[in-house]
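In the numbering used here, the protein residues as written are 11 to 490.
In this text, a Cβ means the ideal position worked out from N, Cα and C, and glycines have one as well.
See structure below.
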């Protein structure tokens, strides 16, 4: 009996020690998350601008105006020349907020956007943390405030924009493609039809279709899906866009005719091309020419080149089994070639930072092994070997360093956002008021986007989100 009591006491002591260690670990992690969130809040205050839901006030005023019997696109916000610029389907989606005060509508949008960001980051980081053995909740809890602090996210939240919600719709299709490529691996025999449908990924394309119906620029993803012969997903996206648009015509025909007949082509409704927050190629060229308008032929020529480059690199990334980088390249390309890409549109730098950071970790891990057999060639060929095996690279900490530095520099660039100290407005002040350095800083985010389209690396086999077509062909990345 005394021996039994002693064993029980030992087990209880062991449980207490383990529990104590777990509790301490949770406390430490929660404290770190709180510190990172506080640092992000300070960064927003230091590098962000005064935020008062400016764009949300326009949307809210427009739908209130519309709900009281007026024509949606005739609304002009008080003390501005700005009105509602989204398709009428977006107006229908926003219509319920006419029953909320403006501050409540802005707060709901901010909370929904943060929740969407957290879900997207969980989806994007899940394969990485599983591979590295990290905690998903802890990684996401750190990633959300870090992502919220950079220019596109804080502008989206502060101005009451919808970019994170559209980003989430498009990324949902990426998750659907991921599940579709692993048919049946998530579904247990006793799961219901709804769960089977969700994990089948058969709905992939709906998110891109809805995003295109709200804002036209996501249509470039449909072009990408067609180029990569993902016909079913492309068809789903097109059918969703057409169905939603036709349905909107049936409900609000006058607004639909007004939008597609005239409002869509009135580019001046959103502002001058040379405005500093417009970090697209068109904005870059307008500021370089110190002109309110973009030189049209030059912009068109460079846009075609960047479009071809971006889609070509995205298709190669898809073929090599990295759909996340492919989607990121398409999103970045859309940012560059769009006539207007305000800084709150540039949310595609978030997955770009993730891709760069993961590429750095992958290359560093790969440099440590596996070892190569003599005569196999590869990165270690020519190195001395023992018993027929070549050792790993002797400088593993330097491998992938350029990608790691690129990820850090990209994050810091969009955290600090150096365009604002050099903001100028024609005709009062030239964009060259602060010399060439000032002009470069004012265009720094646009330059970064172009560099990313041209040089963002993809990771062969890292994110396979394809499926064999009826010819049985499998992309090279899957075979590797």
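Notebook entry, point to check: What does DSSP give as the partner residues of residue 332 in its beta bridges?
Noted result: To locate residue 332, count along the chain shown from 1; it is residue 322. 473.
Margin query: In the DSSP output, which residue or residues are listed as bridge partners for residue 352?
Written below: Working through the chain shown from its first residue, we reach residue 352 at position 342. 288.
Next item on the list: Would you kindly check if the distance between the Cβ of residue 320 and the Cβ of residue 298 is under 8 Å?
Entry: As a working mapping, residue 298 is identified with position 288 in the chain shown. As a working mapping, residue 320 is identified with position 310 in the chain shown. No, they are not a contact pair.
Notebook entry, point to check: Straight-line CA distance for residue 355 to residue 286?
Noted result: One-based indexing of the chain shown puts residue 355 at position 345. One-based indexing of the chain shown puts residue 286 at position 276. Using only the alpha carbons, I get a separation of about 14 Å.
Check: Which stretch, first to last residue, makes up the alpha helix (DSSP H) that contains residue 166?
Finding: Here residue 166 corresponds to residue number 156 of the chain shown, with the count starting at 1. It spans 161 to 169 - the alpha helix (DSSP H) in which residue 166 sits, taken as one unbroken run.
Checklist line | Stretch pair the segment 153 to 160 + the segment 177 to 194: three plus CB contacts closer than 8 Å | finding: no
Check: Helix, strand or coil: which one does DSSP assign to residue 358?
Finding: Translated into positions along the chain shown, residue 358 becomes position 348. Correct three-state label for residue 358: coil.
Check: Counting Cβ pairs closer than 8 Å, one from the segment 134 to 141 and one from the segment 335 to 354, do we hit at least three?
Finding: no
Checklist line | Cα-Cα separation, residue 216 to residue 52 | finding: As a position in the chain shown, residue 216 is number 206, starting the count at 1. As a position in the chain shown, residue 52 is number 42, starting the count at 1. Cα-Cα distance, rounded: 38 Å.
Next item on the list: Take residue 103 and list the residues in its own chain whose beta-carbon comes closer than 8 Å to its own, dropping the five residues that flank it on each side.
Entry: Here residue 103 refers to the residue found at position 93 of the chain shown. 224, listed in sequence order.
Check: If you draw a straight line from the alpha carbon of residue 442 to that of residue 312, how long is it in whole angstroms?
Finding: Taking the first residue of the chain shown as 1, we reach residue 442 at position 432. Taking the first residue of the chain shown as 1, we reach residue 312 at position 302. When rounded, the distance between both Cα atoms is 22 Å.
Check: For residue 439, which three-state DSSP category applies?
Finding: By 1-based counting over the chain shown, the position of residue 439 is 429. Here residue 439 sits in coil by DSSP.
Check: How do the segment 60 to 79 and the segment 430 to 442 stand: do at least 3 beta-carbon pairs fall below 8 Å, yes or no?
Finding: no
Notebook entry, point to check: When you compare only the Cα positions, how much space is there between residue 173 and residue 126?
Noted result: Along the chain shown, read from residue 1 onward, the residue named residue 173 stands at position 163. Along the chain shown, read from residue 1 onward, the residue named residue 126 stands at position 116. Each residue's Cα considered, the two are about 10 Å apart.
Next item on the list: Identify whether residue 67 lies in helix, strand or coil by the three-state DSSP scheme.
Entry: For the purposes of this step, residue 67 is taken as residue 57 along the chain shown, with counting starting at 1. Reduced to three states, the DSSP call for residue 67 is helix.
Margin query: Whole angstroms are fine: how far does the CA of residue 41 sit from the CA of residue 131?
Written below: Position 121 of the chain shown, counted from the start, is the residue given in the question as residue 131. Position 31 of the chain shown, counted from the start, is the residue given in the question as residue 41. Residue 131 and residue 41: Cα-Cα distance of roughly 21 Å.
Notebook entry, point to check: Would you call the segment 107 to 127 and the segment 90 to 97 touching, i.e. three or more CB-CB distances under 8 Å?
Noted result: no
Next item on the list: Would you kindly work out how many angstroms separate the C-alpha atoms of residue 105 and residue 318, rounded to a whole number?
Entry: Taking the first residue of the chain shown as 1, we reach residue 105 at position 95. Taking the first residue of the chain shown as 1, we reach residue 318 at position 308. Cα-Cα distance, rounded: 38 Å.
Checklist line | Reference residue 240; option with closest CA among 449, 211, 144 and 89 | finding: Within the chain shown, residue 240 is the residue found at index 230, counting from 1. It is 211.
Item checked: Endpoints, the alpha helix (DSSP H) within which residue 429 is located -> Looking up residue 429 in the chain shown gives position 419. No alpha helix (DSSP H) holds residue 429; DSSP gives it neither H nor E.
Item checked: Under the three-state DSSP convention, the category residue 271 falls into -> Along the chain shown, read from residue 1 onward, the residue named residue 271 stands at position 261. Looking at residue 271 - three-state DSSP - the assignment turns out to be helix.
Check: Using the beta-carbon count (16 or more within 10 Å), is residue 415 buried or exposed?
Finding: Mapped onto the chain shown, residue 415 falls at position 405. Under this definition residue 415 is an exposed residue.
Notebook entry, point to check: Going by alpha carbons, who is nearest to residue 38 out of 256, 152, 255 and 290?
Noted result: Locating residue 38 in the chain shown gives position 28, counting from the first residue. That would be 152, whose Cα lies nearest to the Cα of residue 38.
Next item on the list: Compute the Euclidean distance between the alpha carbons of residue 449 and residue 470, then round it to the nearest angstrom.
Entry: Against the chain shown, residue 449 aligns to sequence position 439. Against the chain shown, residue 470 aligns to sequence position 460. Approximately 37 Å between the Cα atoms of the pair.
Item checked: DSSP three-state assignment for residue 134, whether helix, strand or coil -> Position 124 of the chain shown, counted from the first residue, corresponds to residue 134. Of the three classes helix, strand and coil, the one that applies to residue 134 here is helix, per DSSP.
Next item on the list: Rounded to whole angstroms, what's the CA-CA distance from residue 272 to residue 262? Just pull it up for me.
Entry: In the chain shown, counting from the first residue as 1, residue 272 sits at position 262. In the chain shown, counting from the first residue as 1, residue 262 sits at position 252. Cα-Cα distance, rounded: 16 Å.
Next item on the list: Taking residue 376 as the reference, give the member of 411, 251, 360 and 361 with the closest Cα.
Entry: Your numbering for residue 376 matches position 366 in the chain shown. It is 411 whose Cα lies nearest to the Cα of residue 376.
Notebook entry, point to check: Where does residue 262 fall in DSSP's three states?
Noted result: Locating residue 262 in the chain shown gives position 252, where the first residue counts as 1. Coil, per DSSP.
Item checked: Member of 301, 326, 291 and 47 whose CA lies at the smallest distance from the CA of residue 316 -> Locating residue 316 in the chain shown gives position 306, counting from the first residue. Per the Cα distances, 291.
Note to self: Using a 10 Å radius around the Cβ and a threshold of 16 neighbouring Cβ atoms, would you call residue 111 buried or exposed?
What the structure shows: Taking the first residue of the chain shown as 1, we reach residue 111 at position 101. So residue 111 ends up on the exposed side.
Checklist line | Under 8 Å between C-beta atoms of residue 162 and residue 353 | finding: Looking up residue 162 in the chain shown gives position 152. Looking up residue 353 in the chain shown gives position 343. Cβ distance < 8 Å, so residue 162 and residue 353 count as in contact.
Check: Hey, out of 188, 258 and 345, whose CA is closest to residue 213's CA?
Finding: Start at 1 with the first residue of the chain shown, and residue 213 comes out as number 203. Comparing Cα positions, the closest option is 188.
Next item on the list: Return the chain-ordered list of same chain residues with a C-beta closer than 6 Å to the C-beta of residue 328, the five sequence neighbours on each side being excluded.
Entry: As a working mapping, residue 328 is identified with position 318 in the chain shown. Here the set comprises 238 and 336.
Checklist line | Residue burial classification, residue 34 (beta-carbon count within 10 angstroms, cutoff 16) | finding: On the chain shown, residue 34 is found 24 positions in, with the first residue counted as 1. That one is exposed.
Next item on the list: Tell whether a beta-carbon distance below 8 Å holds between residue 258 and residue 268.
Entry: Start at 1 with the first residue of the chain shown, and residue 258 comes out as number 248. Start at 1 with the first residue of the chain shown, and residue 268 comes out as number 258. It is not a contact, given that the beta carbons lie outside the stated cut-off.
Next item on the list: Use the C-beta contact count for residue 45: other C-beta atoms within 10 angstroms, 16 or more gives buried, fewer gives exposed.
Entry: Within the chain shown, numbered from 1, the residue matching residue 45 stands at position 35. Exposed, since its Cβ has fewer than 16 Cβ neighbours within 10 Å.
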